[in-house]
Structures are given as structure tokens and as C-alpha cells.
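Since the structure comes first, as C-alpha cells, the remarks are kept for the end.
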Amino acid sequence: MPPERRSRMRPERRARARPDRKTKMRSDQKARAGTGGPPQKAAPSSRRTQPAQPTAAAVSITVAAAAEERRLRQQNRLTLEEDKPAVERCLEELVFGDVEDDEDALLRRLRGPRVHLHEDSDDSEVENEAKDSFPPQKQPVWVDEEDDEEEMVDMVNNRFRKDMMKNATESKLSKDKLQKRLKEEFQHAMGGVPAWAETNKRKTSSDDESEEDEDDLLHRTGNFISTSTSLPRGILKIKNCQPANAERPTTARISSVQFHPHAQVVMVAGLDNAVSLFQVDGKTNPKIQSIYLDKFPIFKACFSANGEEVLATSIHSKVLYVYDMIAGKLIPVHQVRGLKEKRVRRFEVSPDGSFLLINGVAGYSHLLSMKTKELIGSMKINGGVSASTFSSDSKKIYTSSEDGEVYVWDVNSRKCLNRFVDEGSLRGLSIATSRNGQYVACGSNCGVVNIYNQDSCLQEANPKPVKAIMNLVTGVTSLVFSPTTEILAIASEKMKEAVRLVHLPSCTVFSNFPGTKTNISHVHTMDFSPRGGYFALGNEKGKALMYRLHHYSDF
12 MPPERRSRMR
22 PERRARARPD
32 RKTKMRSDQK
42 ARAGTGGPPQ
52 KAAPSSRRTQ
62 PAQPTAAAVS
72 ITVAAAAEER
82 RLRQQNRLTL
92 EEDKPAVERC
102 LEELVFGDVE
112 DDEDALLRRL
122 RGPRVHLHED
132 SDDSEVENEA
142 KDSFPPQKQP
152 VWVDEEDDEE
162 EMVDMVNNRF
172 RKDMMKNATE
182 SKLSKDKLQK
192 RLKEEFQHAM
202 GGVPAWAETN
212 KRKTSSDDES
222 EEDEDDLLHR
232 TGNFISTSTS
242 LPRGILKIKN
252 CQPANAERPT
262 TARISSVQFH
272 PHAQVVMVAG
282 LDNAVSLFQV
292 DGKTNPKIQS
302 IYLDKFPIFK
312 ACFSANGEEV
322 LATSIHSKVL
332 YVYDMIAGKL
342 IPVHQVRGLK
352 EKRVRRFEVS
362 PDGSFLLING
372 VAGYSHLLSM
382 KTKELIGSMK
392 INGGVSASTF
402 SSDSKKIYTS
412 SEDGEVYVWD
422 VNSRKCLNRF
432 VDEGSLRGLS
442 IATSRNGQYV
452 ACGSNCGVVN
462 IYNQDSCLQE
472 ANPKPVKAIM
482 NLVTGVTSLV
492 FSPTTEILAI
502 ASEKMKEAVR
512 LVHLPSCTVF
522 SNFPGTKTNI
532 SHVHTMDFSP
542 RGGYFALGNE
552 KGKALMYRLH
562 HYSDF
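Per the working numbering, residue 12 is the first one in the sequence shown, and the count goes up by one each step.
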């Protein structure tokens with residue numbers, strides 16, 4: 012026991028304990044002496060010899076000194092407690108208890124229990140019991156020697172693996188070599204190693220940075236899945252699917268193909284006087300319904316922005332048909348008050364669903380209300396209108412003229428904001444804007460597609476194109492951006508197989524489309540599904556060809 016602890020022990024207790032042991036020893040000696048035998052020697056022991064018992068005078072002095080020390084300590088404690096608030100004294104009594112008469116109890120409580128461990132043991136008894144509870148690991152009874160041999164995979168009798176053979180000697184490959192070959196094919200198809208697969212280039216950040224990224228993700232809303240930011244250029248992963256109108260074949264030219272803005276439906280219309288709706292599954296594409304318009308060869312058909320109506324125009328008529336998909340009614344619009352056009356053919360629907368733009372003759376463009384089909388106002392350009400489109404926010408209109416110029420109009424005031432010449436164009440044929448408001452694409456009769464920034468088209472008198480696509484040699488009649496603005500589809504109806512897919516923002520053409528073994532023929536119309544998972548085009552032979560883009564989700 013430490014000296015300080017020995018000094019704090021009560022002297023009374025020590026005084027009481029020692030006479031008891033001494034009295035007992037004396038009584039034992041008297042009992043042995045009373046037997047009459049010689050005194051017996053005590054057995055040898057390793058204990059220390061007990062010190063001599065102090066005299067009565069020494070004991071009384073010690074008791075008096077301890078009592079005086081205790082009285083002074085108690086007086087000092089009371090003096091200190093008088094300065095303490097009542098709340099603090101109450102809290103000490105609750106935590107430490109009433110230690111006025113028993114300080115040793117407080118010391119034992121503060122010290123806590125001690126656990127004695129064996130010095131030669133590294134594990135506790137609980138860990139040893141846990142180790143003993145595990146059953147012993149069993150050894151295998153029998154080992155197959157063929158498991159250690161490298162298994163070979165047949166490459167000839169499998170139509171998917173046969174294309175990966177580089178020469179005739181590779182009729183069989185090991186699993187490791189086949190895995191490397193599949194990895195090479197994947198990288199070739201993706202145009203390189205994707206960013207998510209580059210383990211050696213992954214960024215390492217501290218815990219604080221990762222927590223900030225997580226907080227930023229949780230504080231933003233939006234679609235984090237549908238929009239892709241890493242479409243590789245060079246080779247596009249694309250698959251040929253069943254034609255959209257396979258259940259309603261026709262030989263008439265397909266003039267319009269468009270995906271529904273919200274449902275998994277595609278619309279096909281052509282010169283056979285019919286508008287057909289098909290459910291898109293990529294396999295059979297079952298037909299939903301067909302609307303037949305008597306003596307009305309369809310020049311263009313289009314969904315409304317909310318997808319509840321289908322608008323259709325003809326080649327030789329000024330009637331605009333509106334099919335209400337909710338009520339199942341066909342409403343003809345024979346005459347629009349103030350609209351003096353002998354025929355209505357080309358039109359555009361604003362992305363917000365508020366306006367309908369009709370291209371007239373003599374350079375006129377007429378703006379109508381989508382809800383009432385009434386004329387709001389007209390805009391006039393020099394020369395004839397070849398094509399027009401709305402901006403992504405429906406606040407501006409881009410009009411391409413037959414003179415090679417592009418006009419930018421304000422929808423609300425119907426005033427011309429800017430006018431510029433499409434670089435190198437003698438006659439404009441098509442125009443399109445991206446859905447993210449970044450690009451404007453202009454197609455000309457010489458087969459060149461100029462891609463501009465929308466900001467430069469609004470602010471500069473002679474904007475320079477970001478890139479001029481010269482992969483077509485005949486007039487570009489169709490332009491359409493994908494929903495993610497990563498692909499621009501361009502086509503010409505003047506030549507067979509004249510369709511290309513342009514990667515953005517690199518402005519390079521995908522080399523594996525349309526390919527060599529295709530039957531696309533003359534393309535008259537194109538469209539992407541709402542999330543870019545499908546791409547459809549209508550040709551002159553009455554087929555609505557459809558392709559699956561594996562980089563994007565279906566719908």
C-alpha cells in the first residue's frame with residue numbers, strides 16, 4: 012500500500028485489528044503449553060516477521076494525532092464549502108456522495124475496479140472462448156487436377172466470338188485471352204477507355220472535399236441519369252432494331268417520324284394519307300392505332316408540346332388537321348382568320364406549346380396561338396422562307412431564307428433582332444437549334460452544315476461557325492439535335508444513304524454510321540427519342556427505320 016494511503020487509514024481500525032491477531036496467537040501458545048509437552052517450533056515460512064506490538068502510550072499518542080489531523084481537515088473543508096454555492100454543493104453530494112465520514116470509500120469509488128491479467132497471455136478469456144467456439148477448418152477430401160489446367164473457349168462455333176478472331180489459328184482461346192480480347196473490343200467501340208474505367212487517373216480527395224461534393228449533390232435537383240456527359244467520339248454503339256411501322260407496312264414515302272414527348276410511342280406519317288401510332292419496344296413495336304385522312308397525302312405531322320394533339324398538313328391543301336388524342340376526335344381547321352395562304356405545308360410548334368409558326372409564300376412567316384389557332388402576327392423577310400425553328404426557350408425564331416441569310420426574330424414584339432449571311436451558303440434548306448440553347452445548325456444546298464454558337468448569332472453581324480461539316484455533297488434537307496446535344500443528325504433526300512451523325516462538341520462524324528451493309532435509301536425525316544435512346548428515320552420506300560443507341564436510356 013502506498014505511504015499516502017497508509018497514512019490516511021483510520022488509526023482506530025489498525026489499533027483494533029492488531030490486538031485481535033496478537034490475542035489469538037497468545038491463546039494458541041497457552042493452549043499448547045497446557046498440554047505439558049515441549050514447545051513446538053513454527054514451520055518455516057516466506058512471510059515477513061510481524062513487527063513488534065507498539066506500547067499503549069505510543070498507541071494513545073498516535074490516536075490523538077490522528078484525531079487532531081482529522082479535526083483540522085474537517086474544519087478546513089467546512090471553511091471551503093461556505094464559499095461554494097448551494098447548487099455546487101448539492102451536485103458534489105450527488106456525484107461523490109456524503110464523504111464526510113468515509114474518505115476511503117470515495118477513493119475506492121474513484122479508483123474503480125482493476126482487472127488483473129496474466130502477463131504471459133495476449134488474449135482475454137472472452138477471446139479465448141470465442142476462438143474455441145470456431146470449428147476446425149476442414150481439408151478438401153479430393154482435388155481435381157483438371158481444375159488447375161487452363162480452360163480453352165471455342166471461338167469458331169459461336170457467332171458472337173467468331174467476329175473477334177484475328178486469324179484462323181485462334182480457333183480456341185483461353186479465358187484470360189478472351190477477357191483481354193473483349194476488353195479491346197469494348198474500348199474500340201467506346202472510342203477509348205471510359206473515364207469511369209480509368210483506375211489510375213481517379214482523383215483522390217480529402218474527407219472534407221468528399222463531404223462538400225455530397226452536400227452539393229444533395230442540395231441540387233434535376234435528372235442526374237438521363238443526361239450523358241461522356242459520349243465518346245469516333246465509334247457510336249448503335250444497334251439496328253425492327254422498323255417502327257413493321258406492323259403496318261407501306262410503300263408510300265414516309266414524310267414524318269416523331270417520338271412522343273412523354274410516352275413510349277412513335278408516330279409515322281406519309282403520303283398514304285395515314286397517321287399511325289406505335290408502341291416502342293425495339294422488338295415488335297406493336298401498332299396502337301391509325302388515323303386515315305381521305306385525299307390528304309401528309310406533308311408533315313407533329314405532336315403538340317404536351318403530347319395531347321397531333322397536327323398534320325398536306326401537299327395540296329390549306330386545311331390543318333388537329334387530332335385530339337384524349338377525346339379521339341379529328342378537328343379540321345379550314346380557314347384561319349387573317350391568313351391568306353393558298354396552301355399550308357411547313358409549320359413548327361414552339362417548345363413551350365404556346366405558338367404555332369406557319370411558313371408562307373413571298374417571305375412571310377405567320378405566328379398563331381396554339382390554343383385557339385388564331386393569327387397573332389406575321390413577319391416578312393427578303394426572298395422566300397426555306398425553313399424556320401424556335402429557340403429552346405420559345406422566345407426567338409430563326410428563319411433561313413432562300414438567299415442564304417438567317418433572320419433572328421423576337422416572338423413577343425415580332426421584330427428582327429439580327430440578320431447575317433450563312434457562311435458559304437447560296438441557298439438555305441434547313442435550320443435547327445439545340446435544346447440546351449448552345450448551337451444553331453444551318454444546312455445549305457451545297458451539302459455544308461455550319462454550326463454556330465447562339466450567342467454569336469444574336470450579337471455579331473457576321474458570326475463565324477464553330478465548325479463546317481462537309482460530309483454530304485447534296486443539299487441538306489434535314490437537321491435534328493439529340494436531347495442531350497451530343498449528336499447532330501444531318502441528311503439529304505437527294506441521294507441514297509446520305510445521312511450522318513455528328514458528335515458534339517468535337518464536331519466529328521461517327522465513322523460506323525450508316526455503315527456499308529444498310530438499306531437506308533433516301534432519308535426525308537429524322538428524330539430522337541426524349542432521352543436519346545432511340546433514333547428513327549423515314550425513307551422513300553415507306554420504312555421508318557429505328558436504331559438503338561446503347562449509350563443512353565430508352566425513355
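C-beta atoms are modelled at their ideal positions from N, C-alpha and C, and glycine is treated no differently.
Note that the structure is a prediction, hence the values are computed from the model and not measured.
| Item | Value |
| --- | --- |
| Our contact map puts Val-372 next to Tyr-545 with C-beta atoms below 8 angstroms; I'd like the distance itself, whole angstroms only. | Actually they do not touch by this definition, with Cβ atoms about 36 angstroms apart. |
| Figure out for me which residue from Gly-448, Leu-428, Asn-317, Tyr-334 has the closest Cα to the Cα of Phe-366. | Asn-317 |
| With a Cβ-Cβ cutoff of 8 angstroms, do Val-487 and Ile-501 count as a contact? | yes |
| Cutting at 6 angstroms between CB atoms, please list the residues of its own chain near Ala-479, excluding the five before and the five after it. | Val-459, Asn-461 |
| DSSP on Ser-365, reduced to helix/strand/coil? | coil |
| Nearest to Ile-309 by CA position, among Gly-281, Ala-78, Gly-349, Lys-173, is which residue? | Gly-281 |
| Would you mind reading off the limits of the beta strand (DSSP E) that contains Cys-453? | 450-455 |
| Nearest-angstrom Cα distance between Ala-285 and Ile-302? | 5 angstroms |
| Cβ of Pro-297 within 8 angstroms of Cβ of Phe-289? | yes |
| For a test of the three-state rule: what should DSSP assign to Leu-440, helix, strand or coil? | strand |
| In terms of residue numbering, what span does the alpha helix (DSSP H) encompassing Ser-467 cover? | 465-470 |
| Does the beta carbon of Glu-385 fall short of 7 angstroms from some heavy atom of the ligand COA? | Of the ligands one can find in the structure shown there are none, so the ligand COA has no counterpart to examine. |
| Pull up the CB-CB distance for Ser-389 and Ala-398, whole angstroms please, since I reckon it's below 8 angstroms. | Not really, about 17 angstroms apart at Cβ, beyond 8 angstroms. |
| Is Asn-87 buried or exposed, if buried means 16 or more other CB atoms sit within 10 Å of its CB? | exposed |
| In this structure, how does DSSP classify Leu-102 when only helix, strand and coil are distinguished? | helix |
| Rank Tyr-334, Pro-362, Thr-383 by C-alpha distance to the C-alpha of Asp-346 and give the top, closest one. | Contrary to the premise, residue 346 reads as Gln rather than Asp in this sequence. Taking only the C-alpha atoms, the option nearest Gln-346 is Thr-383. |
| Let's test the definition: count the other Cβ atoms within 10 Å of the Cβ of Ser-57 and tell me whether it reaches 16, buried, or not, exposed. | Note that Ser-57 has pLDDT 44, beneath the 50 cutoff, so the model's placement of it is unreliable and no number is given. |
| Looking at Leu-512: is its Cβ nearer than 8 angstroms to the Cβ of Val-534? | no |
| Consult DSSP for Thr-262 and reduce its assignment to one of helix, strand or coil. | coil |
| I'd like to check one pair, Leu-560 with Ile-249: are the Cβ atoms closer than 8 angstroms? | yes |
| Could you check the C-alpha separation between Glu-99 and Leu-89 for me, to the nearest Å? | 14 angstroms |
| How would you write the range of the beta strand (DSSP E) that Ile-387 sits in, first residue to last? | 386-391 |
| What residue from Arg-446, Gln-470, Ser-445, Asp-433 has the CA that sits closest to Cys-453's CA? | Asp-433 |
| Going along the chain, which residues of its own chain have a beta-carbon closer than 6 angstroms to the beta-carbon of Leu-341, five neighbours each way excluded? | Tyr-334 |
| So which of Leu-386, Leu-331, Gly-448, Ser-71 has the shortest CA-CA distance to Thr-400? | Gly-448 |
| For Met-336, collect the residues of the same chain with a Cβ closer than 6 angstroms to its Cβ; drop the 5 residues on either side in sequence, then sort them by chain order. | Glu-319 |
| So the candidates are Arg-81, Pro-362, Ile-498; which of them puts its Cα closest to the Cα of His-562? | Ile-498 |
| How many angstroms separate the CA atom of Ser-185 from the CA atom of Asn-523? | 30 angstroms |
| Quick one: is Trp-153 buried, meaning 16 or more other Cβ sit within 10 Å of its Cβ, or exposed? | exposed |
| Residue ranges of each beta strand (DSSP E) run of no fewer than 3 residues wholly in the segment 255-314, ordered along the chain? | 265-270, 276-281, 285-290, 298-303, 309-314 |
| Taking Met-481 as the reference, which of Ala-472, Lys-329, Pro-474, Ala-509 has the closest Cα? | Ala-509 |
| Comparing alpha-carbon positions, which option in Val-321, Gly-349, Asn-393 lies nearest Phe-358? | Val-321 |
| With a CB to CB cut of under 8 angstroms and the five nearest residues on each side skipped, what residues in its chain are close to Glu-196? | Met-175 |
| If you count every other CB in all the chains shown that lies within 10 Å of the CB of Ile-72, and 16 or more means buried, which is it? | exposed |
| Is Ile-392 closer than 8 angstroms to Gly-374 when the C-beta atoms are compared? | yes |
| I'd like the ranges of any alpha helix (DSSP H) spanning at least 4 consecutive residues and lying wholly in the segment 459-535. | 465-470 |
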